[in-house]
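Start counting the sequence shown at 167; every next residue gets the next number (my numbering).
Backbone N, C-alpha and C fix where the C-beta goes; we use that ideal spot for every residue, glycine too.
Okay, so here's the structure we're looking at.
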Amino acid sequence: MAVSNFDGVTDPTTAFFDGLRQGGRQPALARKSGVVRIDLDDNGRSERWFVAIDDGTVEVSKRNQAADSTFRLDKQLFGRIATGEANAVTAVLRGEASLEGDWNLVIVFQRLFPSPS
């Protein structure tokens with residue numbers, strides 16, 4: 167269930183993670199495993215999500231756990247990535263986001279986002 171703000175507009179971050187929770191096995195992630203931590207800055211407030219990938223099975227949580235990669239960015243930018251308006255790797259290369267850890271895992275994780283239009 168996506169969260170709506172006071173205008174009735176769905177939060178793209180929550181919608182993205184809810185979609186992953188309900189999406190079942192992800193064939194694009196077959197034979198890949200690891201945990202990506204996503205740290206979002208929302209006007210000074212921090213929001214943290216964890217996406218565990220295990221041979222195509224994806225589990226989303228906010229439970230603190232060890233991560234192989236950490237992706238840090240502004241929540242609004244993440245919303246644009248989650249809706250296909252921006253690209254995660256491009257955001258890192260432009261310095262709009264940062265990445266620590268296993269780059270390959272984030273490249274794999276990017277397969278879950280819609281392609282920029």
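**Study point:** For L271, the first and last residue of its enclosing beta strand (DSSP E)
**Key:** Looking at the DSSP string, L271 is not in any beta strand (DSSP E); the run it does join, the alpha helix (DSSP H), is 269–275.
Check your understanding: Roughly how many whole angstroms lie between the Cα atoms of V255 and D184?
Key -> 22 Å
Exercise for review: In angstroms with no decimal places, state the Cα-to-Cα distance between D234 and E225.
Suggested key: 15 Å
Exercise for review: Identify whether A232 lies in helix, strand or coil by the three-state DSSP scheme.
Suggested key: coil
Practice item. Would you be able to state if there are at least three C-beta pairs under 8 Å between the stretch 210–224 and the stretch 254–269? Key: no
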